[in-house]
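Everything below concerns the one structure shown next.
Numbering (the working numbering), first residue to last: 240 to 680.
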């Protein structure tokens, strides 16, 4: 696999010529990366009007992922989500999108910018903010109720806890209604290279975004917008859609890392199944020793701490003492993420450390229903309204102006334009949120 971006930048850096262009560090080493940090100079191509080395690299990624077309983002899947929403809503009056409730707040912001109103799909049962395990039947039932079909159906798979939805079945429903399926696959870039792939494009989705930096080897911010043959009508507008929301100063360090991912994946294709097997072995060993694991994502290990009788503070302490930093740990779950860059010793160390954690009998956490809040105004109207920040305890019956939740997981409890209920306040407390931005009265 060729690496045209890497090759160009290295050749340019090795010339050690006069840099009478941006950026201001002029290649002088401060962090150690400046030598290779350039801007869109002659020959370097232009990310959102790619026709040279960036296009060549994106073409390589298109072949690697087996898509109709693949485009790079140096601003994560957040940029790609907004671009997908723009592409499906372009030219529509009063556009709507049928979306699972565990959508990332970037989706909400994208809806606000584009004047899209989300129609939320709630799961029958959900034990955590991140979960929205709905079936194709659920999507079908929701679509039946709509007087006008939405611009798209939007789902998150895998979710933050590692739950992968039955995309193939959901695609069949969407095809029957002639509605495109767009997927936040930020956590699942690597799924394209598994033997039994559940990558959204391979399962028939119209478009999806992948965050290369989450599960592949790019620098943070590296991501892809993938378009399937089913969505080929979006290809010519894709770069414009990305450019609409993107910085005009893309990071060439991130672009080089995306370029290098192509070669790295091709070289390590056999490692994907190996990592899956290693994670499965850890999961089995932990379950044999009293842990309860959830989720079905191959590279993610998610522990239900309540059912496992493990106190989060005890686990956090033991992990810290053993030099292990997991992806996320709260009162209910702990998430560990692995990749083809994980070493054999990493797997052994995580397993042995988890097996050393002392168990403490825990009472079940009081279930709080994730029910439908009252919609008072549109997402756009709420976000654009004059607002004020109040304590959660003083927010009862106020209207949410901007989603209040940190990243990760960045999934709003109350969405912009919805009224804050007592139940919502209980959920804010559960997830440690103390203040919220509300529409000023």
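No residue lacks a Cβ here, since even glycine has one placed at the ideal position from N, Cα and C. Nothing here was measured: the structure is a model prediction, and the numbers come from that model.
Residues bridged to residue i by DSSP?
i: residue 576; result: 539
i: residue 614; result: 657
i: residue 356; result: 335
i: residue 447; result: 422 and 465
i: residue 639; result: 677
i: residue 391; result: 336
i: residue 532; result: 542
i: residue 623; result: Answer is none; residue 623 lacks a bridge partner.
i: residue 567; result: 574
At what residues does the alpha helix (DSSP H) containing residue i begin and finish?
i: residue 371; result: Note, residue 371: premise wrong, no alpha helix (DSSP H); not H, not E.
i: residue 477; result: 474-484
i: residue 553; result: 551-560
i: residue 251; result: 243-254
i: residue 496; result: 491-506
i: residue 317; result: 315-328
i: residue 411; result: 406-415
i: residue 584; result: 583-594
i: residue 297; result: 292-304
i: residue 525; result: 510-526
The beta strand (DSSP E) that contains residue i, what's its start and end?
i: residue 312; result: 308-312
i: residue 628; result: 626-630
I believe residue i touches residue j by the beta-carbon criterion, under 8 Å. Please report the beta-carbon distance rounded to the nearest angstrom.
i: residue 344; j: residue 537; result: With 8 Å as the limit, residue 344 and residue 537 do not qualify as a contact, their Cβ atoms being about 26 Å apart.
i: residue 357; j: residue 336; result: 6 Å
i: residue 400; j: residue 523; result: Contact doesn't hold; Cβ gap of about 19 Å is too wide.
i: residue 658; j: residue 631; result: About 14 Å separates the two Cβ atoms, so there is no contact after all.
i: residue 403; j: residue 535; result: 5 Å
i: residue 618; j: residue 373; result: Incorrect: roughly 21 Å between the Cβ atoms, too far for contact.
i: residue 360; j: residue 332; result: Not confirmed; about 23 Å, so no contact.
i: residue 390; j: residue 334; result: 5 Å
i: residue 527; j: residue 597; result: Actually they are not in contact, since the Cβ atoms of residue 527 and residue 597 sit about 17 Å apart, beyond 8 Å.
i: residue 558; j: residue 500; result: With a Cβ gap of about 29 Å, residue 558 and residue 500 do not count as contacting.
i: residue 194; j: residue 444; result: Since the first residue of the chain shown is 240 and the last is 680, residue 194 is not available in this structure.
Is residue i buried or exposed, if buried means 16 or more other CB atoms sit within 10 Å of its CB?
i: residue 603; result: exposed
i: residue 281; result: exposed
i: residue 257; result: exposed
i: residue 509; result: exposed
i: residue 261; result: exposed
i: residue 460; result: buried
i: residue 560; result: exposed
i: residue 635; result: exposed
i: residue 272; result: exposed
i: residue 242; result: buried
i: residue 384; result: exposed
i: residue 364; result: exposed
i: residue 297; result: buried
i: residue 349; result: buried
i: residue 370; result: buried
i: residue 342; result: buried
i: residue 435; result: exposed
i: residue 633; result: exposed
i: residue 498; result: buried
i: residue 415; result: exposed
i: residue 584; result: exposed
i: residue 398; result: buried
i: residue 656; result: buried
i: residue 488; result: exposed
i: residue 484; result: buried
i: residue 269; result: exposed
- [ ] Assess, as a yes-or-no matter, whether the stretch 404-419 is touched by the stretch 575-589 under the definition of 3 or more beta carbon pairs within less than 8 Å.
- [x] Too few Cβ pairs lie closer than 8 Å, so no.
TODO: Say whether the stretch 305-324 touches the stretch 479-493, bearing in mind that this needs 3 or more beta-carbon pairs closer than 8 Å, one atom from each stretch.
DONE: Touching, yes.
Open item on the list: Check whether the stretch 370-384 and the stretch 394-405 touch, using three or more Cβ-Cβ pairs below 8 Å as the test.
Closed with: yes
TODO: Answer yes if the stretch 320-333 comes into contact with the stretch 585-593, meaning at least three C-beta pairs across the two stretches below 8 Å, and no otherwise.
DONE: no
Task: contact_flag[the stretch 426-435, the stretch 446-458] where n(CB pairs < 8 Å) is 3 or more - done: Below 8 Å, enough C-beta pairs join the stretch 426-435 and the stretch 446-458 to call them touching: three or more.
TODO: Count the C-beta pairs between the stretch 463-473 and the stretch 302-310 that are closer than 8 Å, then say yes if the count reaches three, no if not.
DONE: yes
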